[in-house]
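> Those letters in the sequence shown? Residues 1 to 311, per UniProt numbering, in order. Shown below is the structure under consideration.
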Amino acid sequence: MTQPTSVDKTFDTSLVDLNPSFSTTESDPSNIGTANPNMKTPILQQAPLAQEQTQDAPKQSQPKQVQHIPTQDAYDQWASVYDTDGNMLQSIDDAELTTLLPAFLAQVPSTSPTAALSLLDLGCGTGRNTTRLIAHPWPATHRIAITGLDFSAAMLDIARQKLNPLLADNRNTTLDLKHCDPFADLPPIKPVNALISTLVLEHVALEPFFQTAHTLLLPGGLALITNMHADMGAVSQAGFVNEQGVKVRGTSFAHTVQETVDEARKCGFEVLSVREREVGRGDVESGVVGNRGNKWIGVRVWFGVVLRRGA
């Protein structure tokens, strides 16, 4: 099988520790040994309320139950604390995108023969990375049209509050936030020069995800996609603890990197680069993460891919 054009194995130390009383994207560290990087993508099974305990935090601070609900409902409930709950994977994503996203965006003008550029944030949520699209130092001669799609109305409400003020003094940039499920009922949207989709793929099967991305991009358009690594996904998934102390989770898939790039190629993409991220012992020893990080030492927790749509 043809390998990606380049593989960038990045071991960043920009982790933040979670508050011991608020466990998101976590599971019992005793399960780490069951991870299988060659696994076929499973759907992490939904289950009724179940008991859960994290080893390295006081029992009284741990969520007593885990509740699996539809993913859209989970994100509607998560919206109010999504940007502030200390989620470790979001922090890793933020750190990696500090270098990866500007380099990606610097290539976008080359995809258009005119000074008009269109970008799309697929699964934009609260606008965590849409803000970076707006803030990027685009050429002053260019007109930038940004679209954000998400199926969570609550997430989009927060995104509007966050993003609209950023456009007040930015006459060359427009923003359109649309409430829809792009993987089930994509509204008519003019294909764009580039799209990003960060920490969304975990919740979508590979084929509909890449078919949607292909539809949304112009020929030669670029895509930047980040996701939880399957080594982490084998024992954990996205979720949050609600006010009642219940950990809430939606549907998740543990997509491997190989499965992801294979499906991308199958759907008409060229794989330009792949970056993977693991936690090192130095992250804990330096105090970048607390004792909770010990269970992820040596585990790849994140990956990102850059793609180009074919003709």
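Ideal placement from N, C-alpha and C gives every residue a C-beta, glycine not left out. Note that this is a predicted model, so its numbers are computed, not measured.
Since T131 and L163 are thought to touch, with beta carbons under 8 Å apart, how far apart are those beta carbons, to the nearest angstrom?
Right, their Cβ atoms sit about 7 Å apart.
> Going along the chain, which unbroken runs of the beta strand (DSSP E) with 3 or more residues stay wholly within the UniProt domain "Methyltransferase type 12" (120-222)?
Whole beta strand (DSSP E) segments, 3+ residues: 143-150, 173-179, 192-198.
> Could you tell me the alpha carbon to alpha carbon distance between H179 and E285, rounded to whole angstroms?
Whole-angstrom Cα-Cα distance: 43 Å.
> How should D231 be labelled, buried or exposed, when 16 other C-beta atoms within 10 angstroms of its C-beta is the threshold for buried?
Answer is buried; the Cβ neighbour count reaches 16.
> Who are V271's beta bridge partners in DSSP?
V271 pairs with L307.
> Do you know offhand how far R265's Cα is from V271's?
Taking the straight line joining both Cα atoms gives about 7 Å.
> Say whether the stretch 144-159 touches the stretch 221-236, bearing in mind that this needs 3 or more beta-carbon pairs closer than 8 Å, one atom from each stretch.
No, because fewer than three Cβ pairs between the stretch 144-159 and the stretch 221-236 fall closer than 8 Å, the two stretches do not touch.
> Please report the straight-line C-alpha distance between I92 and W302, rounded to a whole angstrom.
I92 and W302: Cα-Cα distance of roughly 8 Å.
> Measure the C-alpha to C-alpha separation of K190 and L216 and round it to an integer number of angstroms.
Near 7 Å, if we compare the C-alpha coordinates of L216 and K190.
> Taking Cβ positions, are E278 and G304 nearer each other than 8 Å?
No, these two residues do not count as a Cβ contact at 8 Å.
> Just tell me which of R128, D157, W296, S273 has its CA closest to the CA of G280.
Nearest option by C-alpha distance: W296.
> Applying the criterion that 16 or more other CB atoms from any shown protein chain within 10 Å of the CB defines a buried residue, is D176 buried or exposed?
Exposed.
> Three or more beta-carbon pairs under 8 Å between the stretch 191-198 and the stretch 70-88, yes or no?
Contact between the stretch 191-198 and the stretch 70-88 is absent, because fewer than three Cβ pairs lie under 8 Å.
> For a test of the three-state rule: what should DSSP assign to S236, helix, strand or coil?
Note: S236 maps to coil in three-state DSSP.
> From what residue to what residue does the beta strand (DSSP E) around V108 run?
V108 -> no beta strand (DSSP E), and no H or E assigned at all.
> In chain order, what residues of the same chain have a beta carbon less than 8 Å from the beta carbon of N172, not counting five sequence neighbours either side?
So the list reads W138, A140, H142, R143, I144, once near-sequence residues are dropped.
> For V257, report the span of its alpha helix (DSSP H) as first-last.
Its alpha helix (DSSP H) spans residues 257-266.
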